[in-house]
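Working notes, structure below.
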Amino acid sequence: MARFDKILFDSGFVTGSTRYDDHYQGDEKQNRIVLTITPEKKYPPIKMIVDTGAPWCILDPDLAEAWDLTSGADDAPIANLNIRGDVRWGRLTRANIILEATNGEDLSVEATFFVPQMEPDEVWSYPNFLGLSGFLDRIRFAVDASENAFYFGRFDAPR
Amino acid sequence: MSLNYSAVEEIAINKAPLRQAAHQGEASTEEHDLLLAIEEAAAREDRSTLNRLVEKVDWRSRHPDDLIRVIQSCIFLDMVLLARELADEGRRLFPNDKRIEQWAIVLAPPKIVGTRPASGNAIGLEASHQWFQNNSSKYKGQWIAVRNGELLGVAPTLKELYNQIGQDKKTPDTIVVKALS
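Chains as they are written, first to last, in my numbering: chain S, 260 to 418; chain H, 4 to 184.
Next up, the structure:
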């Protein structure tokens with residue numbers, strides 16, 4: 260149980276909490292807030308970095324294929340995005356993901372993902388991101404860095 | 004993915020100038036100039052000018068392709084709210100255009116689908132946290148599957164990893180990660 264579960268749950272500010280990782284796997288020198296995210300009706304869960312500077316959630320193309328986001332994607336809108344100075348083309352698509360709670364309630368959100376288009380034999384070398392406009396700006400969240408606690412709840416939850 | 008990079012680029016960028024773009028409406032020369040100015044502002048990454056110019060466009064007289072081009076420019080410049088407004092307006096003005104409809108769908112705010120009592124999966128996932136902290140640096144560039152703090156498999160591609168761990172290990176308490184290289 261996270262330290263502020265009771266006060267934040269009772270106030271209605273959030274409805275769940277979970278633990279986050281300090282860094283993305285393989286990138287131990289960068290501090291991050293890394294959450295475990297489960298795609299709706301698809302396993303297994305994956306890791307994603309909370310990034311308020313990213314407009315969209317960004318998903319590794321191999322995971323997008325495993326989540327069935329690429330089949331029939333020819334109609335999905337094409338956009339380009341600047342990812343760490345690297346301008347990439349990709350498709351925007353929607354998918355349901357679940358933020359699973361250690362305490363309280365899991366939260367299921369229909370989010371917008373940017374799925375990069377790859378050149379043949381190209382390997383995607385970036386992490387997965389949870390972006391602001393695609394996910395974060397319709398939930399309430401709070402972070403307690405003292406115990407790596409991430410508190411979250413629905414945007415329209417009663418206060 | 005069924006499209007390669009160059010194919011996507013070709014589709015995404017109509018290289019013909021907006022002035023010459025096919026349009027079915029009754030856009031004036033002034034309107035065409037306005038769209039050219041928008042494109043130039045986007046190329047300069049001049050967000051305030053782009054924002055100001057977009058407000059002057061009468062989209063009723065424009066072809067949906069023009070609207071999509073401006074939406075794409077907004078996306079590239081991280082002007083998400085303006086892109087969202089344009090897609091919504093496009094949906095009203097061009098209700099039969101499936102591309103505009105798709106844009107409106109993906110640009111809509113995220114939607115809370117629901118909440119449910121914690122499944123308990125997250126507690127099982129915590130057991131893997133320490134494993135990742137201690138070991139993921141050994142597998143840079145590799146796909147890793149971990150369950151309850153135990154390594155299930157390591158492979159250079161996700162498909163190989165899934166083949167390695169088998170269908171029965173693709174469970175809610177297994178975490179799959181590609182360690183950055």
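Just so you know, even glycine gets a beta-carbon here, dropped at the ideal spot from N, CA and C.
The structure presented is a predicted model; accordingly, all values stated were derived computationally and were not measured.
- The beta carbons of residue 306 (chain S) and residue 289 (chain S) sit no closer together than 8 angstroms.
- Under DSSP, residue 320 (chain S) forms no beta bridge with any residue.
- Distances from the CA of residue 390 (chain S) to each of S:398, S:278 and S:299 were compared; the closest alpha carbon is that of S:398.
- At least one C-beta of chain S is nearer than 8 angstroms to the C-beta of residue 106 (chain H).
- Beta bridge pairing from DSSP links residue 156 (chain H) with H:148.
- The beta-carbon distance between residue 115 (chain H) and residue 413 (chain S), rounded to whole angstroms, is 5 angstroms. This is short enough to meet the 8 angstroms contact definition.
- Against chain S, a Cβ distance below 9 angstroms from residue 70 (chain H) picks out nothing, because the smallest value is about 12 angstroms.
- Residue 292 (chain S) has no beta-bridge partner at all, per DSSP.
- Boundaries of the alpha helix (DSSP H) harbouring residue 107 (chain H): 101-110, taken from the DSSP string.
- Chain-order list of chain H residues neighbouring residue 368 (chain S): 113, 114, 115 and 116, by C-beta distance under 8 angstroms.
- When C-beta atoms of the region 345-352 of chain S are compared with those of the region 366-373 of chain S, three or more pairs fall below 8 angstroms, so the two segments count as touching.
- The beta carbon of residue 165 (chain H) sits closer than 8 angstroms to those of 173, all from its chain and outside the five residues before and after it, given in chain order.
- Residue-level contact by beta carbon holds for residue 339 (chain S) and chain H, with a gap shorter than 8 angstroms.
- By the criterion of at least three beta-carbon pairs nearer than 8 angstroms, the region 334-343 of chain S is not in contact with the region 356-363 of chain S.
- Here residue 276 (chain S) is buried: its Cβ has 16 or more other Cβ atoms, across all protein chains shown, within 10 Å.
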